[in-house]
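Q: Quick note on the working numbering: the sequence shown kicks off at 4 and runs consecutively.
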Amino acid sequence: MQAEKKGTGWHWHWHRASVVGIVGMVHVVVWLGRTHYVNEPYMDEVFHVPQTQRYCKGDFVYWDPMITTFPGLYLVTAGPAWLLVSSLERFGVQVDAATSAALCSTTSLRLANGLLFGCLCALLSFGILSKMNPKRPSLEIALNTLAVNLFPVYFFTVDLFYTDAGSLTMILLSFFFCLHGRHHMSALAASLAVLFRQTNIIWAAFVLAYDVYMQLNPENKRKEEQEMSLLGGLWLNLRRALAHRVRLMKNHFGMIALVLAFVAFVHKNGGRIVVGDPDAHRPSLHLVQFLYCSFVIAGAYFAFHYEPSRWIGMAREFLSAPRLRKVWLSFKAAMLLLVCFVVVHKWTRVHPYILADNRHITFTLWRRVLQHERVRWALVGPYAYAAVSINEGLKAAGRPPLVVLAFWCCLAASVCLSLMMEFRYFIVPFFFHAFLGELLTKRQALVTIAAFA
Numbered sequence: 004m005q006a007e008k009k010g011t012g013w014h015w016h017w018h019r020a021s022v023v024g025i026v027g028m029v030h031v032v033v034w035l036g037r038t039h040y041v042n043e044p045y046m047d048e049v050f051h052v053p054q055t056q057r058y059c060k061g062d063f064v065y066w067d068p069m070i071t072t073f074p075g076l077y078l079v080t081a082g083p084a085w086l087l088v089s090s091l092e093r094f095g096v097q098v099d100a101a102t103s104a105a106l107c108s109t110t111s112l113r114l115a116n117g118l119l120f121g122c123l124c125a126l127l128s129f130g131i132l133s134k135m136n137p138k139r140p141s142l143e144i145a146l147n148t149l150a151v152n153l154f155p156v157y158f159f160t161v162d163l164f165y166t167d168a169g170s171l172t173m174i175l176l177s178f179f180f181c182l183h184g185r186h187h188m189s190a191l192a193a194s195l196a197v198l199f200r201q202t203n204i205i206w207a208a209f210v211l212a213y214d215v216y217m218q219l220n221p222e223n224k225r226k227e228e229q230e231m232s233l234l235g236g237l238w239l240n241l242r243r244a245l246a247h248r249v250r251l252m253k254n255h256f257g258m259i260a261l262v263l264a265f266v267a268f269v270h271k272n273g274g275r276i277v278v279g280d281p282d283a284h285r286p287s288l289h290l291v292q293f294l295y296c297s298f299v300i301a302g303a304y305f306a307f308h309y310e311p312s313r314w315i316g317m318a319r320e321f322l323s324a325p326r327l328r329k330v331w332l333s334f335k336a337a338m339l340l341l342v343c344f345v346v347v348h349k350w351t352r353v354h355p356y357i358l359a360d361n362r363h364i365t366f367t368l369w370r371r372v373l374q375h376e377r378v379r380w381a382l383v384g385p386y387a388y389a390a391v392s393i394n395e396g397l398k399a400a401g402r403p404p405l406v407v408l409a410f411w412c413c414l415a416a417s418v419c420l421s422l423m424m425e426f427r428y429f430i431v432p433f434f435f436h437a438f439l440g441e442l443l444t445k446r447q448a449l450v451t452i453a454a455f456a
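1. Please identify the residue among Trp15, Leu149 and Val161 whose C-alpha is closest to the C-alpha of Ala453.
2. If you reduce the DSSP assignment to three classes, tell me which class Ser111 lands in.
3. Are there 16 or more other CB atoms within 10 angstroms of the CB of Tyr65, so buried, or fewer, so exposed?
4. So which of Tyr213, Trp369, Pro83 and Thr72 has the shortest CA-CA distance to Val197?
5. Could you compute how far the alpha carbon of Gly130 sits from the alpha carbon of Phe209?
6. Consult DSSP for Phe63 and reduce its assignment to one of helix, strand or coil.
7. When we look at the beta-carbon of Asn203 and count the other beta-carbons within 10 Å, is it buried (16 or more) or exposed?
8. Please confirm whether Ala246 has its beta-carbon closer than 8 Å to some beta-carbon of chain D.
9. Assuming Leu422 and Trp350 make a contact with CB atoms under 8 Å, what is their CB distance in whole Å?
10. Taking only the alpha-carbon atoms, compute the straight-line gap between Arg285 and His270 and give it to the nearest angstrom.
11. Between Met173 and Val330, what straight-line distance do the alpha-carbon atoms span, to the nearest angstrom?
12. For Gln1, name the three-state secondary structure that DSSP assigns.
13. Just tell me which of Gly12, Arg326 and Ala409 has its CA closest to the CA of Leu142.
14. Closest by CA to Asp280, which one among Phe180, Val49, Pro311 and Asp67?
15. Hey, would you say Leu163 sits closer than 8 Å to Tyr45, going by beta carbons?
16. With a 10 Å radius around its C-beta and 16 neighbouring C-beta atoms as the bar for buried, classify Leu261 as buried or exposed.
17. Quick check for students: name the residue ranges of the alpha helix (DSSP H) that lie wholly in the segment 258–311, counting only runs of 4 or more.
18. For Val277 and Met69, I'd like the C-alpha separation in whole angstroms.
19. Considering Cα atoms alone, identify which of Cys59, Thr451, Ser90 and Glu92 is closest to Tyr77.
20. Among Ala416, Phe321 and Val299, which one has its Cα closest to the Cα of Ala390?
21. Taking C-beta to C-beta, are Thr365 and Phe433 nearer than 8 Å?
22. Assuming contact is defined by CB atoms lying nearer than 8 Å, are Leu443 and Asn147 in contact in what I supplied?
23. Decide if the segment 379–395 is in contact with the segment 334–350; the criterion is three or more beta carbon pairs, one per stretch, under 8 Å apart.
24. Give the C-beta separation of Asn42 and Thr109 to the nearest angstrom, bearing in mind that I take them to be a contact with Cβ-Cβ under 8 Å.
25. Around the C-beta of Pro355, are 16 or more other C-beta atoms found within 10 angstroms, so that it is buried, or is it exposed?
26. Does DSSP put Gln447 in a helix, in a strand, or in coil?
27. Just to confirm, are Tyr424 and Val353 a CB contact at a threshold of 8 Å?
28. Closer than 8 Å is the cut-off here; do at least three beta carbon pairs connect the segment 116–128 with the segment 16–24?
29. Give the C-beta separation of Gly236 and Pro53 to the nearest angstrom, bearing in mind that I take them to be a contact with Cβ-Cβ under 8 Å.
30. Report buried or exposed for Val32, applying the criterion of at least 16 other Cβ atoms within 10 angstroms of its Cβ.
31. Is it the case that the Cβ atoms of Val26 and Gly169 are separated by a distance below 8 Å?
32. Answer yes or no: do Ile430 and Val156 have a C-beta to C-beta separation smaller than 8 Å?
33. Taking only three categories from DSSP, how would you classify Lys9?
34. From this set, Phe199, Ile144 and Leu191, which residue's C-alpha is nearest Leu171's C-alpha?
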């Protein structure tokens, strides 16, 4: 049993292989269905597929001005196909046009995206959850890995030729290397993540912050911080970082260089992070996205966050608290509700794309639900509960206050500057919530998997 917990037993390897195999098979099944019913580029694929096909032909100069991201997805998927065809032709083997086109057809690109990034993401998720929860049995790790990788918002995008799967895989690879002390490899993976999607610079900063914190606070030094306030802990870590600045710079110069290079890019790009279609993707303060994201995350893990025993425990804790603490908890709850009310009232906005394209689920959600003011007010309480439940879950998992603060700051930074209400922006926060929070029990994981299926 001890060997299994350390990741060396056959149970651990069997469960890991089983999870990756199950995820891969499900992606193939979904791919077959989509190939039958939707074999032409769909929604954003009308931009991504033609761009990749130009790269497959060796035309690396062409760029569609409507594409907003760096070319990471196109280079990773088209590069091997172009190298294969070029190498064969160099050795005198002529590749006919039909074969060359099939290598980069819409269906081939979807399959490559689903199998490569879908399976890698499952593999990395299993490794990260194992590292974050070393004393938990591998079966629980496997079930949690399935639960997080079957998250519908994420799973829908994996079998389309979108940037989400590759983007997520690269940032998870960066975090995986971080957990194993491979600082420079972590920086390299983070750089690839930014090449897939620019907002990954925020989660690269989280990985950097987490890595630095763990280096400054080994197990035997965390008790001192636990007895301090949040500001006191922050000041303590700043002093430790200053004392160890040479070692930290040596370990993290790659990640620091990435952040500085991205700042330089934004400055040269006129303050924008997108490379195309800037008018429709201007940064815009949209604070209600923070509440949307919290609500979606908690709703996805409903078996944990909305379990009746959890509510009963919170109620008992409140009722058994001393009178002054009850007053303090009531005051905090009232302030949180007030803040949520103000955010919903002042920062509920809608992007023109949402109103114009009825293929997006957010179009239906806005038209039938969120455009009604009374519904928005009714959701203030659930929004507040979702944020509190996520925060309590992170604390219950033993995550240090500064790590929890860094998570919330990165979540806000990644979603609150976009006017577009897009559930795909919540994928990376959802995965990090799953990694940092408490593991689902076997029953909770099975209920979640069944609901997602």
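By construction, the Cβ of each residue, glycine as well, lies at the ideal position given by its N, Cα and C atoms.
A: In brief:
1. As a position in the sequence shown, residue 453 is number 450, starting the count at 1. The shortest Cα separation from Ala453 among Trp15, Leu149 and Val161 belongs to Leu149.
2. Position 108 of the sequence shown, counted from the first residue, corresponds to residue 111. It is helical.
3. Along the sequence shown, one-based indexing puts residue 65 at 62. Exposed, by the Cβ-count rule.
4. Position 194 of the sequence shown, counting from 1, holds the residue named residue 197. Among Tyr213, Trp369, Pro83 and Thr72, the Cα nearest to that of Val197 is on Thr72.
5. To locate residue 130, count along the sequence shown from 1; it is residue 127. To locate residue 209, count along the sequence shown from 1; it is residue 206. Rounded to whole angstroms, Gly130 to Phe209 spans 19 Å at the Cα level.
6. By 1-based counting over the sequence shown, the position of residue 63 is 60. Phe63: coil per DSSP, three-state reduction.
7. Residue numbering aside, residue 203 sits at position 200 when the sequence shown is read from its first letter. The residue in question, Asn203, is buried, as its Cβ has 16 or more Cβ neighbours within 10 Å.
8. Here there is only one protein chain, and chain D is not present.
9. Here residue 422 is taken as the residue at index 419 of the sequence shown, counted from 1. Here residue 350 is taken as the residue at index 347 of the sequence shown, counted from 1. Actually they do not touch by this definition, with Cβ atoms about 10 Å apart.
10. To locate residue 285, count along the sequence shown from 1; it is residue 282. To locate residue 270, count along the sequence shown from 1; it is residue 267. Distance between the alpha carbons of Arg285 and His270: 14 Å.
11. Looking up residue 173 in the sequence shown gives position 170. Looking up residue 330 in the sequence shown gives position 327. Cα-Cα distance, rounded: 46 Å.
12. Look at the range of the chain in this structure, 4 to 456, and you will see that residue 1 is not part of it.
13. If you number the sequence shown from 1, residue 142 lands on position 139. Checking every option, the nearest Cα to that of Leu142 belongs to Gly12.
14. Position 277 of the sequence shown, counted from the start, is the residue given in the question as residue 280. Considering only alpha carbons, the answer is Asp67.
15. Here the question's residue 163 lines up with position 160 in the sequence shown. Here the question's residue 45 lines up with position 42 in the sequence shown. Against a cut-off of 8 Å, the Cβ pair of Tyr45 and Leu163 comes out as a contact.
16. The residue you call residue 261 lines up with position 258 of the sequence shown. Classification of Leu261: buried, given that the 10 Å Cβ count is 16 or more.
17. 291–303 and 305–308
18. Your numbering for residue 277 matches position 274 in the sequence shown. Your numbering for residue 69 matches position 66 in the sequence shown. If I take the Cα positions, the gap works out to 10 Å.
19. Within the sequence shown, the letter at position 74 stands for residue 77. That would be Cys59, whose Cα lies nearest to the Cα of Tyr77.
20. On the sequence shown, residue 390 is found 387 positions in, with the first residue counted as 1. Checking every option, the nearest Cα to that of Ala390 belongs to Val299.
21. What you label residue 365 is simply residue 362 of the sequence shown in a count that begins at 1. What you label residue 433 is simply residue 430 of the sequence shown in a count that begins at 1. No, the pair does not count as a contact, with Cβ atoms beyond the cut-off.
22. Residue mapping note: residue 443 aligns to position 440 of the sequence shown, counting from 1. Residue mapping note: residue 147 aligns to position 144 of the sequence shown, counting from 1. Contact flag set, yes.
23. yes
24. Here residue 42 corresponds to residue number 39 of the sequence shown, with the count starting at 1. Here residue 109 corresponds to residue number 106 of the sequence shown, with the count starting at 1. Between Thr109 and Asn42 the Cβ distance is about 7 Å, and since that is below 8 Å, they are a contact.
25. Here residue 355 refers to the residue found at position 352 of the sequence shown. Classification for Pro355: exposed.
26. Within the sequence shown, the letter at position 444 stands for residue 447. Helix, per DSSP.
27. Taking the first residue of the sequence shown as position 1, residue 424 is located at position 421. Taking the first residue of the sequence shown as position 1, residue 353 is located at position 350. Rather than Tyr, the amino acid found at residue 424 in this sequence is Met. In contact: Met424 and Val353 (Cβ atoms closer than 8 Å).
28. yes
29. Taking the first residue of the sequence shown as 1, we reach residue 236 at position 233. Taking the first residue of the sequence shown as 1, we reach residue 53 at position 50. Going by Cβ atoms, the distance from Gly236 to Pro53 rounds to 51 Å, so no, they are not a contact pair.
30. Position 29 of the sequence shown holds residue 32. Flag for Val32 reads exposed.
31. Here the question's residue 26 lines up with position 23 in the sequence shown. Here the question's residue 169 lines up with position 166 in the sequence shown. Not in contact: Val26 and Gly169 (Cβ atoms no closer than 8 Å).
32. Residue 430 sits at position 427 when you count from the first residue of the sequence shown. Residue 156 sits at position 153 when you count from the first residue of the sequence shown. Yes, the pair counts as a contact, with Cβ atoms nearer than the cut-off.
33. Locating residue 9 in the sequence shown gives position 6, counting from the first residue. At Lys9, the pLDDT of 45 sits below 50, so the modelled position is not reliable; the number obtained from the coordinates is stated separately. Correct three-state label for Lys9: coil.
34. Sequence index remark: in the sequence shown, residue 171 carries index 168 (1-based). When only C-alpha atoms are compared, the closest one is Phe199.
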